[in-house]
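So the protein lines, in turn, are chains A and B. If you read the first sequence in this note's numbering, its first letter stands for residue 2, the second for the next number, and so on. If you read the second sequence in this note's numbering, its first letter stands for residue 1282, the second for the next number, and so on. Notes for the one structure printed next.
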Amino acid sequence: MSYDFSRVRVLLAEDINMMQDLLSFALNCLGVKNILKASDGKQAYDLCVQNNPDVIICDWQMQPVDGLSLVKKIRADAGASTRTVPIIMLTGYASEEYVAAARDAGVNEFLVKPFNAEALAAKLSAIVDRPRAYVDAQHYFGPDRRRKNRRVYNGPLRRDEDMAADDQWSVEI
Amino acid sequence: MAKARIFDVENKLKQKVGGGGFLPMSIQRAQERIEECQSTPKLFAEIAEKCIHDMRRNIFLLEHDKPLNMRMLRAPILDLKANGHMFGYKSVTMVCSDVLELMQKSRDVNADLVDLYKIIYNTIKLLLDGEIANDGDAMVKAFHHEIALACERYKKKYRAAG
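Shown next as structure tokens:
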């Protein structure tokens, strides 16, 4: 048994035609049949709202509206069903500041150019098989930025509910 | 202060695609398509034109004392570096790498950096216009060597200046 991507709708936002074609070819080979194409963040946002894609792959560097702005706009859409759509950011920017900016905008996965088919497949597999919980906070909406799931916590308990649980415990004793 | 809410989202993608991963054959076919593009350097022209245009605009702005930050200066070189390698212009990636490393460490746009930027612009333009043969050519190696030396001189000067 293997993945069947034939029913998956992918929105591809890339302003360079050649790169758009290259990605489409590669996605076709991985079984994706339904690809929506946009050449900038604005067009991609409109297509996203109209078509409710299952995955978005967007380039960072697009004009006039870039990929980062697109991600921020999608994540800021309170109440929209597209708000939690998985987003893979495609970029040549691999330095720490760029990765942090993409992460803080709400990107799920980061694919650095030059990439190969294996890397593309790995990012798609990650969003299928290892989805992260979402965080809705005052200044952030998007996938949980902590990659490691530390279930055992040995530090001090400072939350209100921790205190309540502590009180309960005391009463029971 | 409002508390953060952490919640799981229904994995609709998993429901659609099922399990089992990608077939190695599919990945191999995808890789072949990517490599087809990579072995056709002329396909890189569209990307390169856009980057060269942005670099020319940046040089114009610098020469006319318009404000320009390091991120704007870096953007076309980053694009050239990433896409050059993808489309068979490894020499472009090679030339961009040194300058990029230096630019990522520099905070200010100074006259020496602008000169370096112009050298890169001219070299890449020559490469793309075919006046310098592509990958592996002795001339490309010589240019790359010169640019690497210029970067070293820059680093030494500004390290010395503190």
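Yeah, the Cβ is synthetic: ideal placement off N, Cα and C, and Gly gets one too. The model shown is predicted, which means the values in this text are computed figures rather than measured ones.
Based on Cα-Cα distance, which residue from the options lies nearest to residue i?
{"i": "residue 1431 of chain B", "options": "B:1335, B:1382 and B:1412", "result": "B:1382"}
{"i": "residue 51 of chain A", "options": "A:22, A:75, A:67 and A:120", "result": "A:75"}
{"i": "residue 1294 of chain B", "options": "A:81, A:133, A:42 and A:129", "result": "A:129"}
{"i": "residue 114 of chain A", "options": "A:66, A:147, A:96 and A:141", "result": "A:96"}
{"i": "residue 1286 of chain B", "options": "A:137, A:147, A:86 and A:143", "result": "A:137"}
{"i": "residue 1393 of chain B", "options": "B:1308, B:1328, B:1306 and B:1434", "result": "B:1434"}
{"i": "residue 143 of chain A", "options": "A:98, A:158, A:108 and A:18", "result": "A:108"}
{"i": "residue 1327 of chain B", "options": "B:1406, B:1421 and B:1438", "result": "B:1406"}
{"i": "residue 65 of chain A", "options": "A:160, A:42, A:124 and A:147", "result": "A:42"}
{"i": "residue 5 of chain A", "options": "A:122, A:13 and A:77", "result": "A:122"}
{"i": "residue 77 of chain A", "options": "A:94, A:99 and A:46", "result": "A:46"}
{"i": "residue 141 of chain A", "options": "A:157, A:79 and A:131", "result": "A:79"}
{"i": "residue 1439 of chain B", "options": "B:1427, B:1404, B:1422 and B:1384", "result": "B:1384"}
Can you list, in chain order, the residues of its chain with a C-beta nearer than 8 Å to that of residue i? Leave out the 5 residues immediately preceding and following it.
{"i": "residue 103 of chain A", "result": "61, 69, 72, 90, 92 and 111"}
{"i": "residue 11 of chain A", "result": "28, 33, 35, 36, 37, 54, 55, 56, 57 and 58"}
{"i": "residue 1340 of chain B", "result": "1395, 1398, 1399 and 1402"}
{"i": "residue 173 of chain A", "result": "Only weak support exists for where residue 173 of chain A lies, its pLDDT of 31 falling under 50; the coordinates are left without a value."}
Which same chain residues end up closer than 6 Å to residue i when comparing Cβ atoms and leaving out the 5 residues on each side of it in sequence?
{"i": "residue 1412 of chain B", "result": "none"}
{"i": "residue 171 of chain A", "result": "Its pLDDT being 35, under 50, residue 171 of chain A is placed unreliably by the model, and the measurement read from it follows with that caveat. Taken in chain order, the list of residues that qualify is empty."}
{"i": "residue 166 of chain A", "result": "Because the pLDDT of residue 166 of chain A is 49, which lies under 50, any placement of that residue in the model is unreliable, and the question is left without a value."}
Could you list which residues in chain C have their beta carbon closer than 7 Å to that of residue i, in chain order?
{"i": "residue 1297 of chain B", "result": "Note that chain C does not occur in the displayed structure, where the protein chains are A and B."}
Beta carbon of residue i, beta carbon of residue j: below 8 Å?
{"i": "residue 1372 of chain B", "j": "residue 1408 of chain B", "result": "yes"}
{"i": "residue 25 of chain A", "j": "residue 1303 of chain B", "result": "no"}
{"i": "residue 1365 of chain B", "j": "residue 2 of chain A", "result": "no"}
{"i": "residue 134 of chain A", "j": "residue 1424 of chain B", "result": "no"}
{"i": "residue 1307 of chain B", "j": "residue 49 of chain A", "result": "no"}
{"i": "residue 67 of chain A", "j": "residue 40 of chain A", "result": "no"}
{"i": "residue 1374 of chain B", "j": "residue 1386 of chain B", "result": "no"}
{"i": "residue 1390 of chain B", "j": "residue 1351 of chain B", "result": "yes"}
{"i": "residue 1358 of chain B", "j": "residue 23 of chain A", "result": "no"}
{"i": "residue 63 of chain A", "j": "residue 14 of chain A", "result": "yes"}
{"i": "residue 139 of chain A", "j": "residue 1419 of chain B", "result": "no"}
{"i": "residue 1290 of chain B", "j": "residue 83 of chain A", "result": "no"}
By Cβ distance below 7 Å, which residues in the same chain neighbour residue i in space, the five residues on each side in sequence not counted?
{"i": "residue 1318 of chain B", "result": "1324 and 1368"}
{"i": "residue 19 of chain A", "result": "none"}
Answer yes or no: the CB of residue i versus the heavy atoms of the ligand NAP, is any distance below 7 Å?
{"i": "residue 106 of chain A", "result": "This structure simply doesn't include the ligand NAP, nor any ligand for that matter."}
Original post:
Counting only runs that start and end within the stretch 36-91 of chain A, where is the beta strand (DSSP E) found for 3 or more residues in a row?
Top reply: 56-60
Original post:
Mind listing which residues of the stretch 93-113 of chain A have their C-beta closer than 8 Å to chain B's C-betas, in chain order?
Top reply: Listed by position along the chain: 93, 94, 96 and 113.
Original post:
Which ranges does the alpha helix (DSSP H) cover as unbroken runs of at least 4 residues, wholly within the stretch 1401-1443 of chain B, from first to last along the chain?
Top reply: 1419-1441
**OP:** With 8 Å as the C-beta to C-beta threshold (strictly closer), list the residues of the stretch 122-137 of chain A near chain B in chain order.
**Re:** 122, 125, 126, 128, 129, 130, 132, 134, 135, 136 and 137
Original post:
Along the stretch 29-56 of chain A, what residues have a CB closer than 7 Å to any CB found in chain B?
Top reply: Going along the stretch 29-56 of chain A in chain order, one finds 30, 31, 32, 55 and 56 with a Cβ nearer than 7 Å to chain B.
**OP:** Taking a Cβ distance cut-off of 8 Å, strictly less, list which residues of the stretch 1347-1372 of chain B are near chain A, in chain order.
**Re:** 1356, 1359, 1360, 1362, 1363, 1364, 1366, 1367 and 1368
**OP:** Below 8 Å between beta carbons is the criterion; list the residues of the stretch 74-88 of chain A that meet it against any residue of chain B, in chain order.
**Re:** So the list reads 85 and 87, given in the order they occur along the chain.
Original post:
What are the residues of the stretch 1291-1318 of chain B that lie near chain A, defined by any Cβ-Cβ distance shorter than 7 Å?
Top reply: 1292, 1293, 1294, 1295, 1297, 1298, 1299, 1300, 1301, 1302, 1303, 1304, 1307, 1308, 1310, 1311, 1312, 1314, 1315 and 1318
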